[in-house]
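The sequence shown begins at 37 in my numbering and counts up one residue at a time.
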Amino acid sequence: MRPTLIKHLKRNFEEYVEELCAFVKKPSVSATGEGIRSCASFLAQRMAEYGIHTETRELPGGNPIILGKVSGLRKDRTLLVYDHYDVQPADPLDAWEFDPFSGRVEQDRVLGRGAADSKGNLMAYLSAIRLLSETGGLPMSVTLLFEGEEEIGSPHLADFIDSHSSELASDAVVCCDGEMDPSGRPMISLGMKGLIYVELRCRKLKRDVHSSKASLLPSASWRIVKALNELTDADGRISIPGWREGIVEPSTHDLNLLREIPFDEDRIKAEFGVSDFLHGKSGFQALRDFLYEPTCNIAGLIAGYQGEGSKTVLPAEARAKLDLRLVYDQDADRCLSLLREHLKSRGFGDVEVSVFGKINPSHTPSDAPIARAAAEAATAVYREKPVIYPKHHASGPDCLFTKNLGLHSVWTGCAPGNGRAHAPNEFIGLEDFRLGILYACELISRFAQN
């Protein structure tokens, strides 16, 4: 790391923190629309003030995308940086120890919704661009793509990327919507799981009726329960015929990377209050399944009376929300068709399937130049080797970069692993943010040299 860069960061760090606090104070809840446009305007203005050519692109029926471009010393190399400015709802509000959008500093932490996921990461890269530009020049050109719908499945991002591919032409992508590994070491992910989010809906009656008529009238609740029971076997594996077609088994190198991951079973069990993992999994097999097995999760069940006490009612309608995680290289459209066909073939043609979101899985090889640059940068800044995940256990729009644009991509960031993302009392530490700025600077500089 250049001494002049570190000194400049030290002199200006308080200002960078103030910018992050101001960003966190701006609500930007994509699920409800709260504050989205005001926050997008704030972000675009800040980017322009940092010397980034910035445009706000309105999307029909969607939230604005902020597109930024800044020219660097090396004109023949461009890095695309992706992140999102939208956040999760703050609910449950009564579980917060402070205003969810306070954006204040307390105990060396920036507090508030989005501080960890992912406004801290986003501001780390903006601060890095500013810092590099002011201390000798940005080593290469950078394109910035910030969306406002990641927390609701990025429904408009694919169309935007496909229709603006020439503007997004780059040599690689950094998706800086990441966090530190639970071990405290930096984390780099070389792929994401895919996702299908659906709602199963069954209506059998015109209206709810007295439950005494349960011997005469059909139950939507039982239909949903029985339909759900057709989706997995006794071991929890998805039992839909053809579902595993397309799955690429991990390579020997991928398996070696898995063996280097500090998988702390006891910590995870203690955190969630369980004595064993599902079906008695443990050790390497548990980690392998965590990253490489598709899943079918019941995210919500809605039917009948949900209030206090009792109410004897036969519900007219029942619904179940499902998220199905896909692994490389399953196809979301194909799997969705298989789900519909399976329900119909098992006699559940009366169960309607509504799609809320879908995204394909992705993969980047570990020897890709951007993967090497990220690993080298993380080692240089954090003084220890990063934890490299050949696959991330969660889902994101990475395939839009790896498949639609044909680029290599890494997911990484500086948010703390315990930063309570998506939960009450979210935060990012000041030291997390400072090191994140240096990490972004080093990653940009090293990739420029490749």
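Even for Gly, the Cβ is constructed at its ideal location relative to N, Cα and C.
CB-CB length for residue i against residue j, believed under 8 Å
i    : j    : result
M228 : A430 : 7 Å
L294 : R324 : 6 Å
A256 : A354 : 4 Å
D468 : W447 : Going by Cβ atoms, the distance from D468 to W447 rounds to 17 Å, so no, they are not a contact pair.
S154 : D127 : S154 to D127, Cβ: 19 Å. No contact.
L218 : D300 : The amino acid occupying residue 218 in the given sequence is Pro; Leu does not appear at that position. Indeed, because the Cβ distance is near 7 Å, the residues count as touching under 8 Å.
R237 : A352 : Between A352 and R237 the Cβ distance is about 11 Å, and since that is not below 8 Å, they are no contact.
Between the CA atoms of residue j and residue i - distance to the nearest angstrom
i    : j    : result
N486 : N292 : 25 Å
R110 : E50  : 30 Å
F463 : D386 : 45 Å
C211 : L443 : 12 Å
A58  : M176 : 28 Å
E85  : A411 : 31 Å
Y161 : P222 : 16 Å
D403 : A263 : 44 Å
L466 : R145 : 5 Å
P125 : H458 : 8 Å
R408 : P422 : 11 Å
R113 : K380 : 51 Å
G150 : D135 : 13 Å
I165 : L147 : 24 Å
L253 : D269 : 29 Å
S318 : E420 : 27 Å
E307 : R456 : 13 Å
Other residues of its chain near residue i: CB distance less than 6 Å, five sequence neighbours each side excluded
i    : result
R376 : V389
A322 : F313
E94  : P100
A131 : P460
G336 : K357
P194 : Here residue 194 is Ala; the residue named in the question, Pro, does not match the sequence. Excluding positions up to five away in sequence, the list reads L436.
I89  : Looking at the sequence itself, residue 89 is His, so the reference to Ile does not match. Hits under 6 Å: K105.
N333 : D359
G340 : V349 and P351
Chain-order list of residues whose beta-carbon lies under 8 Å from that of residue i (same chain, five-residue window excluded)
i    : result
S66  : I72, N99, D122, V123, G184, E185, E186, E187 and I188
Y418 : R221, P222, L471 and Y475
Among the options, the one whose alpha carbon lies nearest that of residue i
i    : options                   : result
I490 : P422, H399 and S163       : Here the chain comprises residues numbered 37 to 486, so residue 490 is not present and cannot be evaluated.
K439 : L129, F59 and I197        : I197
L168 : A451, L45 and S445        : L45
G156 : P452, Q342 and L479       : P452
V141 : L56, V106 and N48         : L56
P330 : S275, V178 and L181       : S275
K43  : E170, L253, E281 and V245 : E170
T40  : G172, T179 and R237       : G172
M159 : F134, G214 and S190       : G214
I297 : E307, H315, L327 and E285 : L327
V391 : K61, V60, I480 and S373   : S373
Own chain residues within Cβ distance below 7 Å of residue i, not counting five before or after
i    : result
A368 : G230, I232, L362, K394, I395 and N396
Exercise. Are three or more beta carbon pairs between the segment 97-111 and the segment 66-81 nearer than 8 Å?
Worked result: yes
Exercise. If you pair each beta-carbon of the segment 471-478 with each one of the segment 196-203, do three or more pairs fall below 8 Å?
Worked result: no
Exercise. Touching or not, the segment 352-364 and the segment 395-410, by the rule of three or more beta carbon pairs under 8 Å?
Worked result: yes
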